[in-house]
Amino acid sequence: MLTGELVTLRPVTTADLPLLYDLMRDPATWLSASDKPLWPIPFAAFKEMYAKRAADEEAEFSIEADGVLVGRCALFGFDVLSRNATLGISLIEQQRGKGYGRDAVGVLLDYGFNKRNLHRIHLDVLAGNTPAIRSYLSSGFVEEGRLRDAAYVAGGFDDLVVMSMLRTEWLARL
Amino acid sequence: MLVDGDLTLRPVTEEDLPARYAWTVDAQTHLIADSRPLLPITWERYLERSAGRPSSPDNELYTIEVDGRRVGHCQLTLFDHLARSAMVGITLAPGERGRHVGRRSVRLLVDHGFRDRGLHRVWLGTSSDNIAGQRADRAVGFVQETLEREQSWVDGRYVDEMRMSILRHEWDAVQTRASADADG
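These protein sequences, in sequence, are chains A and B. Under our numbering, the first residue of the first sequence is numbered 1, with each subsequent residue one higher. Under our numbering, the first residue of the second sequence is numbered 175, with each subsequent residue one higher.
Spelled out as structure tokens, the structure:
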């Protein structure tokens with residue numbers, strides 16, 4: 001559907017759900033996929049969550065590489081007046097470090113700015129997640145500040161790093 | 175009730191609704207208080223919307239009174255029970271700004287949040303245009319954390335937004351300084 005150099009972004013299918021369910025319940029990826037504390041989410045509730053995202057016209061994609069599901073990514077929280085949205089991505093653990101994340105983010109930015117006419121795309125990421133921060137910076141995101149102790153994860157507080165890209169910055173990179 | 179001399183934060187009542195409605199549809203108040211679009215919302219629709227967002231432990235709504243006169247409203251909301259944080263919001267009626275009612279109300283809410291609600295962090299969002307608001311928030315002890323570029327479309331142009339916060343240990347230090355000043 002949307003293709004990058006390494007990955008394809010396509011709609012989430014029912015067949016994807018068991019693997020995405022396992023991905024979400026991984027404590028290390030939970031926070032990037034949910035705004036709730038880690039809890040034993042039943043599969044039925046997980047399916048409902050995905051059905052709701054599809055109905056809300058949020059842009060939820062499965063990420064495929066060489067025909068294999070490697071993760072999911074999304075633009076959500078669309079502000080139709082100010083023309084911005086939030087970017088989120090999570091990759092299955094064995095598929096990290098292969099450039100899929102960065103490629104998928106590029107495809108998603110192109111979709112957001114060109115297909116959805118966004119002015120700004122933003123995200124927040126745990127300060128402790130340095131590989132993700134490095135990847136976002138290399139994609140062209142700009143750090144805008146840190147929400148101090150705004151997250152509680154694995155027994156302690158962590159900052160959330162706020163990053164964004166403006167449409168003008170995206171165009172300048174092409 | 176949260177009280178500081180002549181200033182009181184009390185629970186909202188039905189009698190507050192007409193005044194709150196008037197502030198909601200006042201374009202200038204709306205500009206300061208709300209980054210959502212200004213809508214031609216009817217009184218009936220406003221009542222419906224208010225009923226859908228009642229005061230609750232996770233959405234503390236207060237009316238601000240000075241000497242028994244209603245001058246605005248404020249809230250402690252968006253509780254994150256895991257990270258123990260919540261957001262402060264405040265709206266003052268036209269003509270009530272510039273008299274430190276805002277900062278005194280925010281101080282009461284922050285103190286309540288740390289003392290009674292066990293919070294670790296209290297935060298707020300404001301437009302970078304709202305210089306008076308930022309000055310008041312800094313006077314309370316809030317620290318600027320972000321400058322979110324062109325985040326909101328307001329009155330024909332993009333403006334930057336910022337988030338500010340105060341952590342429990344910072345509030346404790348503010349209190350210690352205040353009581354030392356009172357003693358000295």
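Cβ coordinates follow ideal geometry from the N, Cα and C atoms, glycine included.
C-beta atoms of residue i and residue j nearer than 8 angstroms
i                      : j                      : result
residue 336 of chain B : residue 300 of chain B : yes
residue 234 of chain B : residue 249 of chain B : yes
residue 314 of chain B : residue 275 of chain B : no
residue 193 of chain B : residue 244 of chain B : yes
residue 75 of chain A  : residue 108 of chain A : yes
residue 351 of chain B : residue 288 of chain B : no
residue 90 of chain A  : residue 12 of chain A  : no
residue 161 of chain A : residue 127 of chain A : yes
residue 213 of chain B : residue 201 of chain B : no
residue 117 of chain A : residue 83 of chain A  : yes
residue 30 of chain A  : residue 20 of chain A  : no
residue 17 of chain A  : residue 36 of chain A  : no
residue 259 of chain B : residue 44 of chain A  : no
residue 178 of chain B : residue 282 of chain B : yes
residue 203 of chain B : residue 147 of chain A : no
residue 256 of chain B : residue 152 of chain A : yes
residue 101 of chain A : residue 135 of chain A : yes
residue 217 of chain B : residue 284 of chain B : no
Anticipated Cβ contact below 8 angstroms, residue i with residue j, distance rounded
i                      : j                      : result
residue 60 of chain A  : residue 54 of chain A  : 7 angstroms
residue 325 of chain B : residue 120 of chain A : 7 angstroms
residue 215 of chain B : residue 198 of chain B : 7 angstroms
residue 95 of chain A  : residue 77 of chain A  : That belief does not hold up - the Cβ atoms of residue 95 of chain A and residue 77 of chain A are roughly 25 angstroms apart, past 8 angstroms.
residue 164 of chain A : residue 322 of chain B : 7 angstroms
residue 123 of chain A : residue 86 of chain A  : 6 angstroms
residue 191 of chain B : residue 221 of chain B : 7 angstroms
residue 246 of chain B : residue 270 of chain B : 6 angstroms
residue 26 of chain A  : residue 93 of chain A  : 7 angstroms
residue 297 of chain B : residue 81 of chain A  : 23 angstroms between Cβ atoms; not a contact.
6 angstroms CB neighbourhood of residue i in its chain, flanking five on each side removed
i                      : result
residue 307 of chain B : 300
residue 316 of chain B : 338, 340
residue 103 of chain A : 4, 5, 6, 7
residue 132 of chain A : 125
residue 332 of chain B : 324
residue 232 of chain B : 253
residue 157 of chain A : 149
residue 292 of chain B : none
residue 181 of chain B : 240, 278
Under 9 angstroms from the C-beta of residue i: neighbouring residues of chain A
i                      : result
residue 326 of chain B : 79, 81, 82, 84
Partner residues on chain B for residue i, Cβ-Cβ distance less than 7 angstroms
i                      : result
residue 164 of chain A : 322, 323
residue 152 of chain A : 256, 257
residue 37 of chain A  : 256
Contacts that residue i makes with chain B (C-beta to C-beta distance below 9 angstroms)
i                      : result
residue 28 of chain A  : Within chain B, no residue comes near residue 28 of chain A; the closest Cβ sits about 16 angstroms away, beyond 9 angstroms.
residue 145 of chain A : 318, 319, 320, 321, 322, 336, 337
Proximal chain B residues relative to residue i, where beta-carbon distance stays under 8 angstroms
i                      : result
residue 93 of chain A  : Per Cβ cutoff of 8 angstroms: no residues; residue 93 of chain A is ~23 angstroms from chain B at best.
residue 157 of chain A : 257, 294
Residues near residue i in its chain [Cβ-Cβ closer than 8 angstroms; skip 5 each side]
i                      : result
residue 310 of chain B : 274, 276, 277, 280
residue 154 of chain A : 27
Under 7 angstroms from the C-beta of residue i: neighbouring residues of chain A
i                      : result
residue 341 of chain B : 148, 149
residue 211 of chain B : 81
Close beta carbons around residue i, own chain, < 7 angstroms, minus the five adjacent residues each side
i                      : result
residue 10 of chain A  : 1, 61, 62, 64
residue 106 of chain A : 4, 139
residue 229 of chain B : 185, 186, 235
residue 303 of chain B : 333
residue 144 of chain A : 162, 163, 164
residue 113 of chain A : 167, 170
residue 137 of chain A : none
residue 264 of chain B : 246, 248, 276, 279, 280
Positions along the segment 248 to 269 of chain B whose CB lies within less than 7 angstroms of some CB in chain A
Residues passing the 7 angstroms Cβ filter: 256, 257, 259.
According to a CB-to-CB cut-off of less than 9 angstroms, which residues of the segment 107 to 138 of chain A neighbour chain B?
So the list reads 119, 120, 122, given in the order they occur along the chain.
At a CB distance below 9 angstroms, what residues from the segment 287 to 309 of chain B approach chain A? Give them in sequence order.
Under the 9 angstroms Cβ criterion, the segment 287 to 309 of chain B contributes 294, 295, 297.
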